[in-house]
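Some notes on the structure that comes next.
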Amino acid sequence: QDIDPLYFENGLLYITKASLILEDIIISEDAFPLEIDHIFANVDIDTQEDFDYAKYLYHKHIKT
């Protein structure tokens with residue numbers, strides 16, 4: 046089955062013009078998604094539990 050990939054906002058990183066932000070536009074019609082293939086791209090820190098999980102990943106995969 047051929048379907049288009051699904052992209053969604055995750056808050057990881059946005060690069061946009063200041064003029065668009067002033068118009069409450071974060072993602073413009075000319076925007077394109079950039080897939081980030083890194084362990085930390087899957088971590089969204091909103092709570093203490095999220096932070097603890099990020100810390101665990103850091104110690105497991107980065108810090109030796």
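Numbering (the numbering used here), first residue to last: 46 to 109.
Even glycine gets a Cβ: it sits at the ideal position worked out from N, Cα and C.
If you draw a straight line from the alpha carbon of K62 to that of H106, how long is it in whole angstroms?
Position 17 of the sequence shown, counted from the start, is the residue given in the question as residue 62. Position 61 of the sequence shown, counted from the start, is the residue given in the question as residue 106. For K62 and H106, the distance between alpha carbons rounds to 34 Å.
8 Å is my cut-off, CB to CB: does I71 come that close to chain C?
Protein chains in the displayed structure number just one, and chain C is not present.
Measure the CB-CB distance between L102 and I84 and report whether it falls below 8 Å.
Counting from one through the sequence shown, the residue named residue 102 turns up at place 57. Counting from one through the sequence shown, the residue named residue 84 turns up at place 39. Cβ distance < 8 Å, so L102 and I84 count as in contact.
Check for me: the alpha helix (DSSP H) holding H106 runs from which residue to which?
Locating residue 106 in the sequence shown gives position 61, where the first residue counts as 1. 93-106 is the extent of the alpha helix (DSSP H) around H106.
Spatial neighbours of F96 within its chain, please: C-beta separation below 8 Å, excluding the five flanking residues on both sides.
On the sequence shown, position 51 is the one that residue 96 refers to. Same-chain partners within the cutoff: I90.
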